[in-house]
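In terms of the numbering used here, the sequence shown opens at residue 5 and continues consecutively. Before any comments, here is the structure.
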Amino acid sequence: MARGGIKMSRSTAEAPLWLSVSLLTLSYFTYGWFLHHVSVGLMVWLLSGGFALALSSLLTIAWDSCRQFVLRRIQSDVGYTLAILSLASLAVALIAWIHIFAYFIVMIAGALFVRLDTVVRGFSRRRAFLLLLTIALFGLGSSWIATRIVAIAFA
5 MARGGIKMSR STAEAPLWLS VSLLTLSYFT YGWFLHHVSV GLMVWLLSGG FALALSSLLT
65 IAWDSCRQFV LRRIQSDVGY TLAILSLASL AVALIAWIHI FAYFIVMIAG ALFVRLDTVV
125 RGFSRRRAFL LLLTIALFGL GSSWIATRIV AIAFA
């Protein structure tokens, strides 16, 4: 069986999504637990939901247009210079806030893992987007609920 030039065994195509879904859910859950631990406001929770929406759409629906936009900008000398300066600034921020960046890197890796599973299984972009967004919001929401329950139980 070949999809997109990749040969797959029958067991690979029929394997459940539970591993990648579990990892993505757990990554958003731990990020939500971190947000509760540092006592952030509602705005940060909403921004985190916005991040989940943006990442889900970037990896599915808007993938081609974003990729073409970035590739066109890098082809010029000015675009290449701006890309290098942006990456250098990002590296400085990463070093300064490594504990926060670690959460984002794990969430992005988990989303890529789920997206890879959806591509292998032939999901449409819309269906993959809805799956990624649902998992991310479920992870954030369940961590928010769990932290509220723990706060009430131990108050």
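Glycine included, C-beta positions come from ideal geometry on N, C-alpha and C.
Next item on the list: Would you check if the stretch 99-108 and the stretch 82-89 touch, i.e. whether three or more CB-CB distances between them fall below 8 Å?
Entry: no
Item checked: Proximal residues to residue 144 (C-beta, below 7 Å), its chain only, five neighbours per side dropped -> Position 140 of the sequence shown holds residue 144. Closer than 7 Å at Cβ, skipping near neighbours: 32, 36, 52, 53, 56.
Item checked: residue 121 classed as buried or exposed, judged by whether at least 16 other C-beta atoms fall within 10 angstroms -> If you number the sequence shown from 1, residue 121 lands on position 117. So residue 121 counts as buried.
Next item on the list: May I ask you to check if the CB of residue 66 is nearer than 6 Å to at least one heavy atom of the ligand PLP?
Entry: This structure lacks the ligand PLP, and indeed carries no ligand of any kind.
Next item on the list: Determine the closest residue to residue 49 out of 148, 159, 153, 25, with distance taken between C-alpha atoms.
Entry: Residue mapping note: residue 49 aligns to position 45 of the sequence shown, counting from 1. Here the closest residue by C-alpha is 148.
Note to self: For residue 183, count the other beta carbons within 10 Å of its own beta carbon; 16 or more makes it buried, fewer makes it exposed. Which is it?
What the structure shows: The structure shown does not extend to residue 183, since the chain is modelled only from 5 through 159, so no value can be given for it.
Next item on the list: Could you say if the stretch 126-140 and the stretch 59-76 meet the contact criterion of at least three C-beta pairs nearer than 8 Å?
Entry: yes
Next item on the list: Take the Cβ of residue 155 as the centre, count every other Cβ of all protein chains shown within 10 Å, and call the residue buried at 16 or more, exposed below.
Entry: Here residue 155 refers to the residue found at position 151 when the sequence shown is read from its first residue. Exposed, by the Cβ-count rule.
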